[in-house]
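Novice: There's a structure below that I have some questions on.
Protein chains: 2
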Amino acid sequence: MNGNDIILDKVDFSILRLMQENARISNADLARELEMAPSAVLERVKKLEQKNVILQYTTRLNPAPLQQKLLAFISMKAADGLGSNNVGLELAKIPEVQEVHHIAGEDCYLIKVRTADSSSLMSLMRNSFSKIPNILSTRTTIVLETVKEQQQLVIPEKQ
Amino acid sequence: MNGNDIILDKVDFSILRLMQENARISNADLARELEMAPSAVLERVKKLEQKNVILQYTTRLNPAPLQQKLLAFISMKAADGLGSNNVGLELAKIPEVQEVHHIAGEDCYLIKVRTADSSSLMSLMRNSFSKIPNILSTRTTIVLETVKEQQQLVIPEKQ
DNA sequence: TATAATTCAGAATTATATTCAAAATATTTG
DNA sequence: CAAATATTTTGAATATAATTCTGAATTATA
Numbered sequence: 001m002n003g004n005d006i007i008l009d010k011v012d013f014s015i016l017r018l019m020q021e022n023a024r025i026s027n028a029d030l031a032r033e034l035e036m037a038p039s040a041v042l043e044r045v046k047k048l049e050q051k052n053v054i055l056q057y058t059t060r061l062n063p064a065p066l067q068q069k070l071l072a073f074i075s076m077k078a079a080d081g082l083g084s085n086n087v088g089l090e091l092a093k094i095p096e097v098q099e100v101h102h103i104a105g106e107d108c109y110l111i112k113v114r115t116a117d118s119s120s121l122m123s124l125m126r127n128s129f130s131k132i133p134n135i136l137s138t139r140t141t142i143v144l145e146t147v148k149e150q151q152q153l154v155i156p157e158k159q
Numbered sequence: 001m002n003g004n005d006i007i008l009d010k011v012d013f014s015i016l017r018l019m020q021e022n023a024r025i026s027n028a029d030l031a032r033e034l035e036m037a038p039s040a041v042l043e044r045v046k047k048l049e050q051k052n053v054i055l056q057y058t059t060r061l062n063p064a065p066l067q068q069k070l071l072a073f074i075s076m077k078a079a080d081g082l083g084s085n086n087v088g089l090e091l092a093k094i095p096e097v098q099e100v101h102h103i104a105g106e107d108c109y110l111i112k113v114r115t116a117d118s119s120s121l122m123s124l125m126r127n128s129f130s131k132i133p134n135i136l137s138t139r140t141t142i143v144l145e146t147v148k149e150q151q152q153l154v155i156p157e158k159q
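The following block contains the structure:
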């Protein structure tokens, strides 16, 4: 399942484009946009879910009212053996850690973390990260301002 | 609107938790979970939308079947005057650019980009980035493997 | 070309969204 | 503290939507 075997057509792309923009669009509205019967659209959506093209319907929340004003990226050298990504898996378990990427170059991981403020980031590092063995060093970059943040993919126009 | 003036209660948190997990949950199911009338839940959801606590309902898609297998982070030095973030705004206009953060430290921006492959990243840089004035230098980090990637916030349990 | 597999439309049923008035609950203020 | 005000919730009504199923049409495959 690397995505090569799944073939999507124009209609699928339209569905994905509409749902990526608004996950709560009604099936009826989808059908109207696509000029198809609701039952047919529903079938396609279910198939896209089954095929794992659609991973999740999620709600993007404003971090500020939820007291999550600090965003940081941390690059991390780890002593994971080649082929092991234990550190990555452990990091992924921490709810404040939104992303864990294994990266090329000398730093092994790049992670994205959201906490209330810098002191809660510190305690997260002291309490959670410190318990993960094989982390050799970290370098934290604090975000001062986010200009853009979305996960939307660029979806092909046709075929 | 920095989020300090908006007060959310336990019920709001529950709504946000459920909708963050599944944006397509029906209002009726929400009401059942919260043991409230659907109309009351709907009012709250609408208020959360109005207050900009809920930013968007979006569908998380699998990048692979949509031919977006390359993920990269680029840190970028810019010659923006102090207080100006023109480069950031220009970067934000590029659809392949998912995130633009203004960061502390010598590099001014950290951006997240998704393209089909490394050659399309190259052409993006040649065709789009190169047109933005005041970019002094870039340093690209390619993601080899993503262990975790979500935007979910940690939502307080109570109060 | 026959057969199988997909995809679609339309009808029927079940469930949901939405609106509104009234009741209940909180909150403010004299 | 209590009346006044504002906010939130409920429940009923109705409009709209989701879902299931069947059969026809299209497309792919043997």
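Chains as they are written, first to last, in the UniProt record's numbering: chain A, 1 to 159; chain B, 1 to 159. We treat Cβ as the ideally placed atom computed from N, Cα and C, and that holds for glycine.
1. Using 8 Å as the cut-off, can you tell me whether the region 51-65 of chain A makes contact with the region 74-92 of chain A, which would need three or more C-beta pairs spanning the two stretches below that distance?
2. Does the distance from the C-beta atom of residue 112 of chain A to that of residue 100 of chain B stay below 7 Å?
3. With a threshold of 8 Å on Cβ separation, who are the neighbours of residue 146 of chain A within its own chain once the five nearest residues in sequence on each side are excluded?
4. Residues of chain B with a CB under 7 Å from the CB of residue 114 of chain A: which are they?
5. Span of the alpha helix (DSSP H) holding residue 13 of chain B?
6. State the start and end residues of the unbroken alpha helix (DSSP H) segment that holds residue 87 of chain A.
7. Could you tell me which chain A residues have their CB closer than 8 Å to the CB of residue 35 of chain B, listed as they occur along the chain?
8. Please list, in chain order, the residues of the region 52-65 of chain A that have any C-beta partner in chain B closer than 9 Å.
9. For residue 84 of chain A, which of A/134, A/12, A/155 and A/129 has the nearest alpha-carbon?
10. Helix, strand or coil for residue 28 of chain A, going by three-state DSSP, please let me know.
11. Chain B partners of residue 146 of chain A, CB-CB under 8 Å?
12. Mind checking if residue 38 of chain B is an interface residue toward chain A, Cβ cutoff 7 Å exclusive?
13. Listing by chain order, which chain B residues have their CB less than 8 Å from the CB of residue 24 of chain A?
14. If the cut is a Cβ gap below 7 Å, which residues of chain A does residue 6 of chain B touch?
15. Would you mind telling me which residues of chain B sit closer than 7 Å to residue 149 of chain A, beta carbon to beta carbon, in chain order?
16. Under the DSSP definition of a beta bridge, which residues are partnered with residue 70 of chain A?
17. According to DSSP, is residue 144 of chain B part of a helix, a strand, or is it coil?
18. What residue range does the beta strand (DSSP E) around residue 53 of chain A cover?
19. For residue 87 of chain B, would you say it is in contact with chain A, using Cβ-to-Cβ distances shorter than 7 Å as the test?
20. Quick one: list the residues of chain A neighbouring residue 79 of chain B, beta-carbon separation under 9 Å, in chain order.
21. Find the nearest neighbour of residue 60 of chain B within the set B/142, B/109 and B/98, judged by alpha-carbon distance.
22. Around the Cβ of residue 106 of chain B, are there at least 16 other Cβ atoms within 10 angstroms (buried) or fewer (exposed)?
23. Using the beta-carbon count (16 or more within 10 Å), is residue 23 of chain A buried or exposed?
24. With a threshold of 7 Å between beta-carbons, can residue 175 of chain A be considered close to chain B, or not?
25. On the three-state DSSP scale, how would you describe residue 100 of chain A?
Specialist: Taking the coordinates as given:
1. Contact fails between the region 51-65 of chain A and the region 74-92 of chain A, because fewer than three Cβ pairs, one in each stretch, are under 8 Å apart.
2. no
3. 71
4. Within chain B, the residues near residue 114 of chain A are 153.
5. 10-21
6. 86-92
7. Result: empty, since nearest Cβ-Cβ is about 21 Å, beyond 8 Å.
8. 52, 53, 54, 55, 56, 57, 58, 59, 60, 61, 62, 63, 64 and 65
9. A/134
10. helix
11. 99, 100, 101 and 102
12. no
13. 23, 24 and 57
14. 65
15. 99
16. A/115
17. Taken through DSSP and simplified to helix, strand or coil, residue 144 of chain B comes out as strand.
18. Per DSSP, residue 53 of chain A belongs to no beta strand (DSSP E) and is neither H nor E.
19. no
20. Per Cβ cutoff of 9 Å: no residues; residue 79 of chain B is ~16 Å from chain A at best.
21. When C-alpha distances from residue 60 of chain B are compared across B/142, B/109 and B/98, the shortest belongs to B/98.
22. exposed
23. buried
24. Since the first residue of chain A shown is 1 and the last is 159, residue 175 of chain A is not available in this structure.
25. strand
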